[in-house]
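Visitor:
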Amino acid sequence: MTSSDEGGTATPATPPARRRVVLTGISSRAWEHPADRGALTALRELRGFDDVVKAFFGMWNERGFRLAYLASAIRVDHRQYPRVYQLYAEAATSLDVPELPELYVKQDPFLNGQAIGLDKPFIVLPTASVQQLDDDELRALLGHELGHVRSGHAVYKTILIILTRWAASLSWLPVGALALRAIIGAMMEWWRKAELSADRAGLLAGQDPAASLRLLMKMAGGGDLSQVDTAAFLEQAAEYDGGGDLRDSLHKLRMTLWSTHPVPVARAAALRHWIDSGDYARILEGDYPRREDDSTASVTTEVKAAAESYREAFGRTQDPLVGLLRRLGDGASEMGEWAGGAAGKARAWFGAAGEAAGRAARGERRTTPPPPSNGNGNGDSDGDGQDSTET
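Number 837 in the numbering used here belongs to position 331 of the sequence shown; there are no gaps in the numbering.
1. Here's the rule I'm using: 16 or more other beta-carbon atoms within 10 Å means buried, otherwise exposed. How should ARG788 be labelled?
2. Let me know if GLY728 comes out buried or exposed under the rule of 16 or more other beta-carbons within 10 Å of its beta-carbon.
3. With a threshold of 16 other CB atoms inside 10 Å of the CB of VAL527, please say whether the residue is buried or exposed.
4. Under 9 Å, do ALA541 and LYS758 count as touching if we go by C-beta distance?
5. Are the CB atoms of LEU702 and LEU617 within a distance shorter than 9 Å?
6. Roughly how many angstroms lie between the CA atoms of PHE628 and ALA716, to the nearest whole one?
7. How is ARG524 classed by DSSP in three states: helix, strand or coil?
8. Output needed for PRO615: all residues of its chain with C-beta closer than 6 Å, excluding positions within five of it in sequence on either side, in chain order.
9. Inspect the beta-carbon positions of VAL636 and TYR575 and report whether they are closer than 9 Å.
10. Following the continuous beta strand (DSSP E) through LEU606, name the residue where it begins and the one where it ends.
11. Can you find at least 3 beta carbon pairs, one from the region 766-774 and one from the region 739-755, that sit closer than 8 Å?
12. I'd like to know whether the C-beta atoms of GLU568 and ILE532 end up nearer to each other than 9 Å.
13. Looking at the secondary structure, which residues open and close the beta strand (DSSP E) in which ALA621 lies?
14. Could you have a look at PHE628 and say whether DSSP puts it in helix, strand or coil?
15. Confirm, please, whether the CB-CB distance from LEU593 to ASP641 is below 9 Å.
16. Report the CB separation of LEU529 from LEU710 in whole angstroms; it is logged as a contact under 8 Å.
17. How about LEU647 and THR802: do their beta carbons lie closer than 9 Å?
18. For ARG585, does the three-state DSSP call read helix, strand or coil?
19. What's the C-alpha gap between THR895 and ARG720?
20. Short of 6 Å in beta carbon distance, which residues of its chain neighbour ILE781, apart from the five on each side in sequence? Order them along the chain.
21. May I ask you to report which of helix, strand or coil DSSP gives THR806?
22. ILE690 bridges to which residues according to DSSP?
23. Quick check: what's the CA-CA separation for GLY691 versus ARG585?
24. Would you call the CB atoms of ALA775 and ALA744 closer than 9 Å?
25. Grouping DSSP H, G and I as helix and E and B as strand, with all else coil, what is GLU745?
26. Does ARG525 pass the burial test, meaning 16 or more other C-beta atoms within 10 Å, or should it be called exposed?
27. Quick check: HIS650 and ALA707, are their CB atoms within less than 9 Å of each other?
28. If you draw a straight line from the C-alpha of SER578 to the C-alpha of GLY658, how long is it?
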């Protein structure tokens, strides 16, 4: 279709905006990966412990960093970066987010995004994301960060950081250090699944699968996709998953074991699998859990779903090491059971920690000695005192 201006020159008509479904009352459980959802459901049952974490590690750092961005970045609204603000509002509308967290744009050459803070989180975008992403890709990125905020990921990442520091403090005690490192390893695995959850939230916010995949491609290879092909990128993902031999499997373990983020090709493959499974379409059709039912979520059910997810993933993967375990017997199933049970083990540990924190808040006498501390109360992993989730 074309239109004519007063001089008679035919110009293409602007295509109508694609209408996105508003997911009224949607719970974050709808987009959370089963392993992420199982851990979060268990941790959310520890009512009061997350409040203690927010009180001790969120209040001071959060105010300080908000002031830092207020002073040195651009706060987005209808007057400043209006394009970004419009896309942000659209992403929030799709996910039925009633109140927009503050959004800032900072000078930064790397494609990324962050959700910062515990009590009142805010989102930060680098200028690279604003400049290199088209509208659909940027909407997906903003939805990704909103997904982190709605799931409360920053609170639990801060807990992970605290554990990491305790593990460093206990390094001279072999048994204590090993026990904490096992929990940290399980929580690192949870955090990688939390990133997959946020990718799904980004897709639900933008409701454009091609744009969500392009976003991951740009994060892997830069902002210019004129010489990049989506099918070839997914072929890379398949080669990464199943190519090579046991040596490659061990290299992949080394690359990911202590990483908070899956590699980009793995994220693209996981998102494509979620779409192909039909879950994405079912949510758009209105079949999803509601926020009003969050209090009735069962830890046992969610942990079982996490274990089943791992079993399914181990059964699907072509990784040489997992293939060897399958040939040896039921090793993959046992790995799924172990990984799915990690949330329950973390919950038991957090239960004890929550009780100790409650006693401390009430001024009660401790019955057991407190865990050693390195004396640094900031909840960040890189020493800058920043509680954040990063795309």
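Think of the CB as a built atom: it goes at the ideal place given N, C-alpha and C, for glycine as much as any other residue.
Guide: In short, the structure shows the following:
1. exposed
2. When all chains shown are included, GLY728 counts as exposed.
3. exposed
4. Between ALA541 and LYS758, the CB-CB gap reaches or exceeds 9 Å.
5. no
6. 27 Å
7. coil
8. ALA634
9. no
10. LEU606 -> no beta strand (DSSP E), and no H or E assigned at all.
11. yes
12. no
13. 620-622
14. strand
15. yes
16. 6 Å
17. no
18. coil
19. 21 Å
20. PRO715
21. Under the three-state reduction of DSSP output, THR806 falls in the helix class.
22. Bridge partners of ILE690: none, in fact.
23. If I take the Cα positions, the gap works out to 44 Å.
24. yes
25. helix
26. With a 10 Å radius around the Cβ and a threshold of 16 neighbouring Cβ atoms, ARG525 comes out exposed.
27. yes
28. 26 Å
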